[in-house]
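Numbering (my numbering), first residue to last: 242 to 478.
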């Protein structure tokens, strides 16, 4: 019988790199004014995936509102947007707190006059075996990810009613199972369920609810914390 030869480590690494490598898109296929006149609010919009989502909406004509828990990253993002000719507004907001979610949405409508798209991108995560994970650690991730999506969506309901879209950023780690991610897997599964339910309940109110589940993205805090040493295998947003 012929013995199956075990692939070398180099070959395995090449396969992993091929799996996670993303092709950079230098030129957008969309008209640069496709979102002209639209207002887009992005939670977690001062860093990582949220920052690039906000940038791309702005680069295609939208006015942008971002929020996060720390002021400095927000100011840094706003300065970058200004240098790129993007009209933007930013405010601090802890999405876990309903009153702050309401205040942020009100400030966006006050600043721009209306709201067309809410992108729920704020998230928290870290690696931890289930047996070592504290109840507080589990709750914190659930509150930022799942409760945050609910708080922001509810706060934006009236502003989006009749025309708006909610985009919830999820992940793929809960589709099967992922090591040391019981908290984040539960949170992302909850986000997917919220997205489906809001789509069903609010569709008749003229609000679309859409879920997006990105894979690994280089240059983000998630990649650095969850896959240290593998950042070079994917390209930055």
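All C-beta atoms, glycine included, are put in the ideal place defined by N, C-alpha and C.
For residue 437, report the span of its alpha helix (DSSP H) as first-last.
Position 196 of the chain shown, counted from the first residue, corresponds to residue 437. Where residue 437 is concerned, the enclosing alpha helix (DSSP H) stretches over 423–443.
Measure the alpha-carbon distance for residue 282 versus residue 307 and round it to whole angstroms.
Stepping through the chain shown from its first residue, residue 282 is reached at position 41. Stepping through the chain shown from its first residue, residue 307 is reached at position 66. Looking at the two C-alpha atoms, the distance is approximately 6 Å.
When DSSP builds the beta bridges, which residues end up paired with residue 305?
Start at 1 with the first residue of the chain shown, and residue 305 comes out as number 64. Paired residues: 281 and 329.
Quickly, what does DSSP pair residue 359 with across the bridge? List them, please.
Counting from one through the chain shown, the residue named residue 359 turns up at place 118. Looking at the DSSP assignment, residue 359 forms a beta bridge with 282 and 407.
What is the DSSP secondary structure of residue 376, reduced to helix, strand or coil?
Numbered from its first residue, the chain shown carries residue 376 at position 135. Correct three-state label for residue 376: helix.
Can you tell me where the beta strand (DSSP E) holding residue 350 begins and where it ends?
The residue you call residue 350 lines up with position 109 of the chain shown. Segment 339–353 is the alpha helix (DSSP H) holding residue 350; no beta strand (DSSP E) there.
Note down the Cα distance separating residue 288 from residue 343, rounded to an integer number of angstroms.
Counting from 1 along the chain shown, the entry for residue 288 is found at position 47. Counting from 1 along the chain shown, the entry for residue 343 is found at position 102. When rounded, the distance between both Cα atoms is 22 Å.
By how many angstroms is the C-alpha of residue 302 removed from the C-alpha of residue 270?
Position 29 of the chain shown holds residue 270. Position 61 of the chain shown holds residue 302. Their Cα atoms are separated by approximately 14 Å.
Between 411, 380, 423 and 395, which has its C-alpha nearest residue 446's C-alpha?
One-based indexing of the chain shown puts residue 446 at position 205. Closest option to residue 446, Cα to Cα, is 395.
Should the segment 372–381 be regarded as contacting the segment 311–327, the criterion being three or more beta carbon pairs within less than 8 Å?
With a cut-off of 8 Å, the segment 311–327 and the segment 372–381 do not count as touching, because too few Cβ pairs lie within range.
Quick one: what's residue 449 bridged to in DSSP?
Taking the chain shown and counting its residues from 1, one reaches residue 449 at position 208. Looking at the DSSP assignment, residue 449 forms a beta bridge with 406.
For residue 413, which of helix, strand or coil comes out of DSSP?
Within the chain shown, the letter at position 172 stands for residue 413. Reduced to three states, the DSSP call for residue 413 is coil.
What is the DSSP secondary structure of residue 391, counted as helix, strand or coil?
As a first step, residue 391 is located in the chain shown; it is residue number 150 there, counting from the start. Here residue 391 sits in helix by DSSP.
Considering only the beta carbon of each residue, do residue 340 and residue 279 sit closer than 8 Å?
As a working note, residue 340 is residue 99 in the chain shown. As a working note, residue 279 is residue 38 in the chain shown. No, the Cβ-Cβ distance between residue 340 and residue 279 is not below 8 Å.
Starting from the Cα of residue 305, find the closest Cα among 423, 311 and 320 and give me that residue.
Within the chain shown, residue 305 is the residue found at index 64, counting from 1. Looking at the Cα atoms, 320 is the closest of the given residues.
Using a 10 Å radius around the Cβ and a threshold of 16 neighbouring Cβ atoms, would you call residue 336 buried or exposed?
Position 95 of the chain shown holds residue 336. With 16 or more Cβ atoms within 10 Å of its Cβ, residue 336 is classed as buried.
Is the beta carbon of residue 410 sitting closer than 8 Å to the one on residue 366?
What you label residue 410 is simply residue 169 of the chain shown in a count that begins at 1. What you label residue 366 is simply residue 125 of the chain shown in a count that begins at 1. Contact: no.
With a threshold of 16 other CB atoms inside 10 Å of the CB of residue 392, please say whether the residue is buried or exposed.
Along the chain shown, one-based indexing puts residue 392 at 151. Label assigned to residue 392: buried.
To which residues of the same chain is residue 415 closer than 7 Å at the C-beta, ignoring the five residues directly before and after it?
Position 174 of the chain shown, counting from 1, holds the residue named residue 415. These residues qualify, in order along the chain: 426, 429 and 430.
Taking the beta carbon of residue 349 as the centre, do at least 16 other beta carbons fall within 10 Å, making it buried, or is it exposed?
As a first step, residue 349 is located in the chain shown; it is residue number 108 there, counting from the start. By the neighbour-count rule (16 or more Cβ atoms within 10 Å), residue 349 is buried.
Just the Cα atoms here: how many angstroms apart are residue 314 and residue 322?
Taking the first residue of the chain shown as position 1, residue 314 is located at position 73. Taking the first residue of the chain shown as position 1, residue 322 is located at position 81. Spanning the two alpha carbons is a distance of roughly 12 Å.
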